[in-house]
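Okay, so here's the structure we're looking at.
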Amino acid sequence: MSTDLPLYERIYAVVCLIPPGKVTTYGHIARLVGGCSARMVGYAMAATPDGRGIPWQRVINRKGQISPHGDGYGTVMQRAILEEEGVDFNANGCVDFTKTGWFPEQLP
DNA sequence: AGATTGACTGCAT
DNA sequence: CATGCAGCCAATC
């Protein structure tokens, strides 16, 4: 496998495979990458430099909500981007996984 | 080289 | 039913 690249680089690759208008959870990303836990995905996302075309905003927690990291500024922006993508949010700020959830069993 | 942290998750209370 | 605690492993200081 491509163990040559840092772990987060592989995570970015999986995140880039998420189609627009769809969202997934950290745990599922970790499963697709294999050999890492949800914490690694979260850490990778926090270290993801914006500008590489990485749809990090399509990765949310298993509750279907956006994780309130930092001061919460980026969190609000993330939801705005997802709404632009066509993701539907509930009154609780939760995403409907039955409509916008992307959970492939393995990489295409 | 060692210690700390972190966008999470699942199970227990 | 809601909240708390421990486990996960790599990256950073």
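So for the first sequence, our numbering puts the first residue at 567; every next one is plus one.
For every residue, glycine included, the Cβ atom is placed at its ideal position computed from N, Cα and C.
Note that the structure is a prediction, hence the values are computed from the model and not measured.
Put residue i into one of helix, strand or coil per three-state DSSP.
i	result
residue 655	strand
residue 626	strand
residue 591	strand
residue 667	strand
Taking buried to mean at least 16 other C-beta atoms within 10 Å of its own C-beta, is residue i buried or exposed?
i	result
residue 623	buried
residue 664	exposed
residue 576	buried
What number of angstroms, rounded off, separates the C-alpha of residue i from the C-alpha of residue j?
i	j	result
residue 617	residue 579	14 Å
residue 653	residue 571	31 Å
residue 669	residue 590	6 Å
residue 592	residue 657	22 Å
Below 8 Å on the Cβ atoms is my guess for residue i versus residue j; work out the distance and round it to an integer in Å.
i	j	result
residue 610	residue 573	7 Å
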